[in-house]
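Enquirer: Sharing a structure with you now.
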Amino acid sequence: MLPGFNEEWLGQPIAVHRLPTAFGLLSFALRWHGARPALLWEVEGDRNLTLRCASIDPEWSTTDQRGEALLEAPVFDHVHRHLDHASEESVPETPVDEGTSFT
Numbered sequence: 001m002l003p004g005f006n007e008e009w010l011g012q013p014i015a016v017h018r019l020p021t022a023f024g025l026l027s028f029a030l031r032w033h034g035a036r037p038a039l040l041w042e043v044e045g046d047r048n049l050t051l052r053c054a055s056i057d058p059e060w061s062t063t064d065q066r067g068e069a070l071l072e073a074p075v076f077d078h079v080h081r082h083l084d085h086a087s088e089e090s091v092p093e094t095p096v097d098e099g100t101s102f103t
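Residues in the sequence shown are numbered from 1 upward in steps of one, following the UniProt record's numbering.
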């Protein structure tokens with residue numbers, strides 16, 4: 001899955017539904033937990049296969065038809081780029097109007 005992965009895609013969710021392959025229909029999604037991607041997959045078919053996501057985590061593989069896994073953080077140019085979703089500096093702070101808060 002994902003034979004190539006660009007650094008610009010870090011932190012972005014990816015979803016593929018019912019992709020035709022020689023082994024059956026493949027669906028998968030990539031979601032992010034900080035710097036680490038969670039991979040969910042399902043193969044509709046009865047042929048044995050080994051799934052890999054070497055462009056993100058070269059050590060991971062599975063023969064399961066469906067499942068989920070927390071992959072290692074991708075490495076680019078031998079340096080980890082860590083995503084910190086808790087500190088979104090680009091999101092401006094929105095002032096709360098008096099009388100509209102829950103206090």
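Idealized CB from N, CA, C, for every residue including glycine.
#1: To the nearest angstrom, how far is the alpha carbon of W41 from that of S61?
#2: Are I56 and L19 close, meaning C-beta to C-beta below 8 Å?
#3: Determine the extent of the beta strand (DSSP E) in which P21 is found, giving its start and end residues.
#4: What number of angstroms, rounded off, separates the C-alpha of L71 from the C-alpha of R31?
#5: Can you tell me whether F76 is buried or exposed, with buried defined as 16 or more other CB within 10 angstroms of its CB?
#6: Taking the alpha-carbon positions, what's the Q12 to P74 distance?
#7: Below 8 Å on the Cβ atoms is my contact criterion, and I expect G45 with G24 to pass it. Report the Cβ-Cβ distance as a whole number of Å.
#8: Helix, strand or coil: how does DSSP classify E72 here?
Expert: Once the coordinates are examined:
#1: Stepping through the sequence shown from its first residue, residue 41 is reached at position 41. Stepping through the sequence shown from its first residue, residue 61 is reached at position 61. Their backbone Cα atoms lie some 12 Å apart in a straight line.
#2: By one-based count along the sequence shown, residue 56 stands at place 56. By one-based count along the sequence shown, residue 19 stands at place 19. One thing to note: I56 has its Cβ no nearer than 8 Å to the Cβ of L19.
#3: Residue 21 sits at position 21 when you count from the first residue of the sequence shown. Inspection of the sequence shows that residue 21 is occupied by Thr rather than by Pro. Counting along the chain, the beta strand (DSSP E) containing T21 begins and ends at I14 to T21.
#4: Position 71 of the sequence shown, counted from the start, is the residue given in the question as residue 71. Position 31 of the sequence shown, counted from the start, is the residue given in the question as residue 31. Distance between the alpha carbons of L71 and R31 is about 10 Å.
#5: On the sequence shown, residue 76 is found 76 positions in, with the first residue counted as 1. Counting Cβ neighbours within 10 Å, F76 comes out exposed, since fewer than 16 surround it.
#6: Locating residue 12 in the sequence shown gives position 12, counting from the first residue. Locating residue 74 in the sequence shown gives position 74, counting from the first residue. Taking the straight line from one Cα to the other gives about 13 Å.
#7: Residue mapping note: residue 45 aligns to position 45 of the sequence shown, counting from 1. Residue mapping note: residue 24 aligns to position 24 of the sequence shown, counting from 1. The beta-carbon separation of G45 and G24, rounded to 2 Å, stays under the 8 Å limit for a contact.
#8: Looking up residue 72 in the sequence shown gives position 72. Three-state result, E72: coil.
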